[in-house]
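Contents: one structure, followed by commentary.
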Amino acid sequence: MMTVKSAAKIQYKTIPQDLSFSELNKELKKAKEIYLSHKTKETGELELLAIGDDKDIYILENNFLSIAEILSDKKIKKIGYDFKLLIKALWKRGINLEGLEFDAAIAAYVLNPGERDYNIEKLAIKEFGESISGDWADILAVKIDILKRLKPILSARLTATETEKVFEKIEMPLIPVLAKMEVIGIKL
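For the sequence shown, the numbering used here assigns the number 853 to the initial residue and increments by one for each residue that follows.
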C-alpha cells in the first residue's frame, strides 16, 4: 500500500496585493505557456484563478477581466485541468479561453478510459503519493505544481501508448465545443 504524504505548500503571489494587474500582464505576456487552476462556486461562477508561469504562481480573487488578453491569447499555450468548467466560468465573465494545449483530466481519460474519476487530487495521490490540502489559495497553488510535474509524465505515456493523436486531434479540440453545447444547448 502506498504511503500518502501531504503535498508541500507552494509559494504564490496574491494579485493585486503582491503584484499589480499591469505587472502581472507584463510577466504573463513573456510566457510561452501558463498553467491554470481554478475554483468555481456551485453556480458555475469563477471564484479563484491560479496562474503559473515558468517561475511564479499568481492567485486572483477577482477582476479576471484584467487578464482577459492573456487568457484569450492563442499564442500562450494553456495547461490545466478540467478546462470545460473553466471555459464556462470565464464565458460568464465575457472572456474566451484560447490556446488550450494540455488538459490533465483529458490525458488521464485517454490513457485509462475505464476509470470513473480523473480528478487532480486522485492523480496527485496515484502519481506522487501526495494529498492536497490547505485553504483554497494553497490548494490551487499546489495544483499548479502538480500540473507542472504531471504534464511530462502523462505526455510521455500518451506517446508510448500511441494515443497522443487521439488526445491532440480529437479530445482537446472537443473541449470548447462541448462547453459551448452545455452553455448554449443544441438544436435538435
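No residue lacks a Cβ here, since even glycine has one placed at the ideal position from N, Cα and C. Since the model is a prediction, treat every value here as computed from it, not as a measurement.
Rounded separation between residue i and residue j - CA only
i: residue 1015; j: residue 869; result: 43 Å
i: residue 964; j: residue 972; result: 14 Å
i: residue 884; j: residue 903; result: 13 Å
i: residue 901; j: residue 923; result: 11 Å
i: residue 950; j: residue 918; result: 16 Å
i: residue 937; j: residue 974; result: 18 Å
i: residue 863; j: residue 911; result: 10 Å
i: residue 926; j: residue 899; result: 24 Å
i: residue 855; j: residue 931; result: 28 Å
i: residue 978; j: residue 929; result: 26 Å
Residue i and residue j closer than 8 Å at C-beta
i: residue 976; j: residue 1010; result: no
i: residue 957; j: residue 1002; result: no
Residue from the options whose Cα sits closest to the Cα of residue i
i: residue 1017; options: 914, 920, 933, 954; result: 954
i: residue 921; options: 879, 906, 897, 893; result: 879
**OP:** Evaluate contact between the region 872-891 and the region 995-1015, counting only Cβ atoms and requiring at least three cross-stretch pairs below 8 Å.
**Re:** yes
Practice item. Quick one: which unbroken beta strand (DSSP E) runs of 3-plus residues sit fully inside the region 923-980? Chain order, please. Key: 929-932, 952-955
Requested in this report: Please list the segments of the alpha helix (DSSP H) lying wholly inside the region 854-924, counting only runs of 4 or more residues, in order along the chain.
Outcome: 873-881, 920-923
Three or more C-beta pairs below 8 Å linking the region 927-944 and the region 982-993: no
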